[in-house]
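The structure appears right after this line, and notes come after that.
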Amino acid sequence: MLLKIMLWFAFFVATQAINTFAAPCDGPDPLPDFSEGGALPIIRIADVAFTLNVQNNCPTERLDIKINKPEKLYLWMRLEGGTNALNLLRRDGRLPLKHTWIARVASRRYTDGQEEISIADGIINDVRGLESEVRRMTVFDWRTNSAKSRLFTNASYLVEIRDNRNTPIPCADNLDCEPCDNGIKCGIRMTIN
Numbered sequence: 000m001l002l003k004i005m006l007w008f009a010f011f012v013a014t015q016a017i018n019t020f021a022a023p024c025d026g027p028d029p030l031p032d033f034s035e036g037g038a039l040p041i042i043r044i045a046d047v048a049f050t051l052n053v054q055n056n057c058p059t060e061r062l063d064i065k066i067n068k069p070e071k072l073y074l075w076m077r078l079e080g081g082t083n084a085l086n087l088l089r090r091d092g093r094l095p096l097k098h099t100w101i102a103r104v105a106s107r108r109y110t111d112g113q114e115e116i117s118i119a120d121g122i123i124n125d126v127r128g129l130e131s132e133v134r135r136m137t138v139f140d141w142r143t144n145s146a147k148s149r150l151f152t153n154a155s156y157l158v159e160i161r162d163n164r165n166t167p168i169p170c171a172d173n174l175d176c177e178p179c180d181n182g183i184k185c186g187i188r189m190t191i192n
């Protein structure tokens, strides 16, 4: 019996160590109040990182804002929202969400197209997975990313996050985002040497 307890305890400690290691990608506990009349917007970018790869819906590392040109660069993010977000996204045709990669090289600006961003395993055109999570927790907490492999050198990239109607998706106040429209912070910047 004592051996079983010791084995269970070792398994529990190992599991906790794994969960602690994954912390940079985990959402807050508890999730913030997105209820009607709450102080938060209907959907927001809760966490964001430039990274060289994404595994298990999490960034493999968080890059500084200035790096040497990689083969491929990802923008990973975690989105949060609640019942209001779900209803608005569905009703107002605001899906899919998009990343727009904008490069500035010297004084020239290049928009490298908009990319529909995937939520979990698919594009959020259909919100069934979000509905299930909102029913269970009254909020959703989703990870997504987009990537570029054709990158300029000596360039500054700004990635804007917008919905299907071109409305910016705001960043949480604690994130270092740049303004897109009307002072709404929805842009993430990276410089490539």
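Numbering of the sequence shown is given in numbering that gives the first Met the number 0, commencing with residue 0 and proceeding in unit increments. Cβ coordinates follow ideal geometry from the N, Cα and C atoms, glycine included.
Extent of the continuous alpha helix (DSSP H) to which N83 belongs
One-based indexing of the sequence shown puts residue 83 at position 84. That run of the alpha helix (DSSP H) goes T82 to R90.
Do you know offhand how far A48's Cα is from C185's?
Counted from its first residue, the sequence shown places residue 48 at position 49. Counted from its first residue, the sequence shown places residue 185 at position 186. Straight-line Cα distance between these residues: approximately 13 Å.
E70, DSSP secondary structure in three states
Locating residue 70 in the sequence shown gives position 71, counting from the first residue. Three-state result, E70: coil.
Given this structure, state the Cα-to-Cα distance separating D46 from R135, to the nearest angstrom.
Working through the sequence shown from its first residue, we reach residue 46 at position 47. Working through the sequence shown from its first residue, we reach residue 135 at position 136. Approximately 22 Å between the Cα atoms of the pair.
As a quick exercise: from C57, E79 and N52, pick the residue whose alpha carbon is nearest that of C170.
To locate residue 170, count along the sequence shown from 1; it is residue 171. Taking C170 as reference, the option from C57, E79 and N52 with the minimal CA-CA separation is E79.
I need the DSSP call for R161, collapsed to helix, strand or coil.
Sequence index remark: in the sequence shown, residue 161 carries index 162 (1-based). Assigned with DSSP and collapsed to three states, R161 falls in strand.
In whole angstroms, what separates the C-alpha of E177 from that of K68?
Sequence index remark: in the sequence shown, residue 177 carries index 178 (1-based). Sequence index remark: in the sequence shown, residue 68 carries index 69 (1-based). Rounded to the nearest angstrom, the gap between the Cα atoms of E177 and K68 is 22 Å.
Rounded distance between the beta-carbons of L72 and L150, thought under 8 Å:
As a working note, residue 150 is residue 151 in the sequence shown. As a working note, residue 72 is residue 73 in the sequence shown. The beta-carbon distance between L150 and L72, rounded to whole angstroms, is 6 Å. This is short enough to meet the 8 Å contact definition.
Distance between A154 and N192 (C-alpha atoms, nearest Å):
Taking the sequence shown and counting its residues from 1, one reaches residue 192 at position 193. Taking the sequence shown and counting its residues from 1, one reaches residue 154 at position 155. Annotation: N192 to A154 spans about 7 Å, alpha carbon to alpha carbon.
Can you give me the start and stop residues for the beta strand (DSSP E) that R43 sits inside?
Translated into positions along the sequence shown, residue 43 becomes position 44. First-last of the beta strand (DSSP E) with R43: I42 to T50.
Considering Cα atoms alone, identify which of F139, D63 and N181 is closest to N86.
The residue labelled residue 86 in the question sits at position 87 within the sequence shown. Ranking F139, D63 and N181 by Cα distance to N86 puts F139 first.
Just to confirm, are R93 and D180 a CB contact at a threshold of 9 Å?
Stepping through the sequence shown from its first residue, residue 93 is reached at position 94. Stepping through the sequence shown from its first residue, residue 180 is reached at position 181. The answer is no: Cβ separation not under 9 Å.
Rounded C-alpha distance that separates T152 from E60:
Within the sequence shown, the letter at position 153 stands for residue 152. Within the sequence shown, the letter at position 61 stands for residue 60. Straight through space, the alpha carbons of E60 and T152 are spaced by roughly 21 Å.
Between K97 and T190, how many whole angstroms is the CB-CB distance? I'm expecting something under 8 Å.
Taking the first residue of the sequence shown as position 1, residue 97 is located at position 98. Taking the first residue of the sequence shown as position 1, residue 190 is located at position 191. Incorrect: roughly 22 Å between the Cβ atoms, too far for contact.
How far does the beta strand (DSSP E) with I191 in it extend, from its first residue to its last?
Residue mapping note: residue 191 aligns to position 192 of the sequence shown, counting from 1. Its beta strand (DSSP E) spans residues I183 to I191.
Spatial neighbours of T82 within its chain, please: C-beta separation below 7 Å, excluding the five flanking residues on both sides.
For the purposes of this step, residue 82 is taken as the residue at position 83 of the sequence shown. The residues are V133 and T137.
Mind checking if W75 is an interface residue toward chain C, Cβ cutoff 9 Å exclusive?
Absent from the structure: chain C. Only one protein chain is present.
Endpoints, beta strand (DSSP E) assigned at F139
Against the sequence shown, residue 139 aligns to sequence position 140. Residue range V138 to K147 is occupied by the beta strand (DSSP E) that includes F139.
Nearest-angstrom Cα distance between L51 and R89?
Taking the first residue of the sequence shown as position 1, residue 51 is located at position 52. Taking the first residue of the sequence shown as position 1, residue 89 is located at position 90. Near 32 Å, if we compare the C-alpha coordinates of R89 and L51.
Rounded distance between the beta-carbons of M76 and N144, thought under 8 Å:
Numbered from 1 along the sequence shown, position 145 holds the residue referred to as residue 144. Numbered from 1 along the sequence shown, position 77 holds the residue referred to as residue 76. That belief holds up - the Cβ atoms of N144 and M76 are roughly 7 Å apart, short of 8 Å.
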